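Chemist:
In our numbering, the protein residues as written are -12 to 389.
And the structure:
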């Protein structure tokens, strides 16, 4: 890199020759077969939504759990419902730019390259949108610098690199599309890596175990996509509101055609997408459960149902969660409630040069023996220090050269 400014965010003063722009025109358009696969997902998910009320009534289910609530209640927040309707309509131009319509998940808009309070997640793709995005990408922003911090010395298979399709835009850094979203997903990969979770799971694989992972609220499926690359033989389950499954379902079906996707039915060694009101279909033991940000956006009742379920299926496993304390919004602190169901808690930290952008990360277990071995903590700390020293030394040289 050519240099940094002295601001708190560490943004870049000038563009490195290794940093370019990734615009919509740099994305690969969906092939007809991929578009048809996406339409099949739309049909399946619309069936989940349309059949929700009859299914709840026929099975005598708990409506307070099964229906959207908290921040996702129709009374509180309609943006994701409106976006669902637009995307599920099945228009090629919309699905081909799916990533542009997901700000309701992360609070960050790719088309604006910024947070978007009050702005709708769905806006039409105009003929001059690429030119507008190009102007916003005039100079590398803080996410480029953050990406360098996060990936310095990291094993290549742990670097999250979103495919150039579905409207993924940002900075081209060493061949990786870098933006706010790719950085926050990289943070979660780093947190799990530095906590020893991937090593721990890999040892289970080497000992002949079939790894099962359950993510509650998977957003658009980016973390699932990357973890399946790290642990390709795992069974990856997603439980979410059916409206949200539309986005992860399309994303994973199109970007990971090598992995079978099941909708309401198990797809061994692939992705199983289960609407939340069918949670009773999730059974057996899981090695790892994941939740990022959405536990604290639910009602307390919904979180308690999930927590009880997880405490049963994680008898020999662990829960990784990263949530904010949302009590100031009239919602809840997931950490306080999870303590009632998981007596073992291990707080996680970021690296030496970064902290998580959103939420407080923790590991939870019903028994201490389930956590990755504590005796490896020093080794992991030293490994993290060695990895991030690459960035620290470069930063020091740049400061001295000014």
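Cβ coordinates follow ideal geometry from the N, Cα and C atoms, glycine included.
Model, not experiment: these values are computed from the prediction.
Which residues mark the beginning and the end of the beta strand (DSSP E) in which residue 262 is found?
Modeler: Stepping through the chain shown from its first residue, residue 262 is reached at position 275. 258 to 262 is the extent of the beta strand (DSSP E) around residue 262.
Chemist: Using DSSP with H/G/I as helix, E/B as strand and the rest coil, what is residue 152?
Modeler: Here residue 152 refers to the residue found at position 165 when the chain shown is read from its first residue. Three-state DSSP puts residue 152 in a strand.
Chemist: For residue 350, which beta-bridge partners are listed by DSSP?
Modeler: Sequence index remark: in the chain shown, residue 350 carries index 363 (1-based). 307 and 333, per the DSSP bridge assignment.
Chemist: For the alpha helix (DSSP H) that residue 31 lies in, which residues bound it at each end?
Modeler: The residue you call residue 31 lines up with position 44 of the chain shown. Residue 31 -> alpha helix (DSSP H) spans 19 to 37.
Chemist: Output the distance between the C-alpha atoms of residue 322 and residue 310, rounded to the nearest integer angstrom.
Modeler: Taking the first residue of the chain shown as position 1, residue 322 is located at position 335. Taking the first residue of the chain shown as position 1, residue 310 is located at position 323. Spanning the two alpha carbons is a distance of roughly 8 Å.
Chemist: Around the Cβ of residue 463, are there at least 16 other Cβ atoms within 10 angstroms (buried) or fewer (exposed)?
Modeler: This structure leaves residue 463 out entirely; the chain is present only between -12 and 389.
Chemist: Can the beta-carbon of residue 87 be found less than 7 Å from the beta-carbon of residue 154?
Modeler: Here residue 87 corresponds to residue number 100 of the chain shown, with the count starting at 1. Here residue 154 corresponds to residue number 167 of the chain shown, with the count starting at 1. For residue 87 and residue 154, yes; Cβs fall inside 7 Å.
Chemist: Once you ignore the five residues that flank residue 79 on each side, which residues in its own chain have a CB closer than 8 Å to its CB?
Modeler: Indexing the chain shown from 1 puts residue 79 at position 92. Excluding positions up to five away in sequence, the list reads 17 and 22.
Chemist: Can you name, in chain order, every residue of its own chain whose Cβ lies under 8 Å from the Cβ of residue 178, other than the five neighbours on each side?
Modeler: As a first step, residue 178 must be located in the chain shown, where it is residue number 191. Contacts found: 307, 309, 335, 337, 343 and 348.
Chemist: What is the rounded straight-line gap between the Cα of residue 129 and the Cα of residue 137?
Modeler: The count along the chain shown starts at 1 and reaches residue 129 at position 142. The count along the chain shown starts at 1 and reaches residue 137 at position 150. Approximately 12 Å between the Cα atoms of the pair.
Chemist: Just list the residues that DSSP pairs residue 250 with in beta bridges.
Modeler: Residue numbering aside, residue 250 sits at position 263 when the chain shown is read from its first letter. Its beta-bridge partners are 260.
Chemist: In three-state terms, what does DSSP make of residue 236?
Modeler: Your numbering for residue 236 matches position 249 in the chain shown. It is helical.
Chemist: So, with DSSP's three-state summary, where would you put residue 117?
Modeler: The count along the chain shown starts at 1 and reaches residue 117 at position 130. Residue 117 falls in the helix class under three-state DSSP.
Chemist: Quick one: grab the DSSP three-state call for residue 394.
Modeler: The question about residue 394 has no answer, for the chain in this structure spans -12 to 389.
Chemist: According to DSSP, simplified to helix, strand and coil, what is residue 7?
Modeler: For the purposes of this step, residue 7 is identified with residue 20 of the chain shown, where counting begins at 1. Looking at residue 7 - three-state DSSP - the assignment turns out to be strand.
Chemist: Assign residue 227 to buried or exposed, taking buried as 16 or more other Cβ atoms, counted over all protein chains shown, within 10 Å of its Cβ.
Modeler: In the chain shown, the residue the question calls residue 227 occupies position 240. Residue 227 should be labelled buried.
Chemist: Tell me, to the nearest whole angstrom, how far the beta carbon of residue 85 is from that of residue 237; I am working on the premise that it is less than 8 Å.
Modeler: Taking the first residue of the chain shown as position 1, residue 85 is located at position 98. Taking the first residue of the chain shown as position 1, residue 237 is located at position 250. With a Cβ gap of about 6 Å, residue 85 and residue 237 count as contacting.
Chemist: On a Cα-Cα basis, can you pick out the residue from 305, 258 and 11 that is closest to residue 353?
Modeler: In the chain shown, residue 353 corresponds to position 366, counting from 1. Ranking the options by Cα distance to residue 353, first place goes to 305.
Chemist: Figure out for me which residue from 284, 313 and 268 has the closest Cα to the Cα of residue 204.
Modeler: If you number the chain shown from 1, residue 204 lands on position 217. Ranking 284, 313 and 268 by Cα distance to residue 204 puts 284 first.
Chemist: I'd like the span of the beta strand (DSSP E) that includes residue 200, first residue to last.
Modeler: As a position in the chain shown, residue 200 is number 213, starting the count at 1. Its beta strand (DSSP E) spans residues 199 to 203.
Chemist: Can at least three beta-carbon pairs, one atom from the region 180 to 193 and one from the region 154 to 171, be found at a separation below 8 Å?
Modeler: The region 180 to 193 vs the region 154 to 171: no contact.
Chemist: Ignore the nearest five residues each way along the sequence and tell me which others in residue 198's own chain have a CB closer than 8 Å to its CB.
Modeler: Here residue 198 refers to the residue found at position 211 when the chain shown is read from its first residue. Result list for residue 198: 188, 191, 192, 218, 220, 221, 222, 274 and 275, in chain order.
Chemist: Compare the beta carbon distance of residue 286 and residue 328 with 7 Å and say whether it is the shorter of the two.
Modeler: Start at 1 with the first residue of the chain shown, and residue 286 comes out as number 299. Start at 1 with the first residue of the chain shown, and residue 328 comes out as number 341. Cβ atoms of residue 286 and residue 328: not closer than 7 Å.
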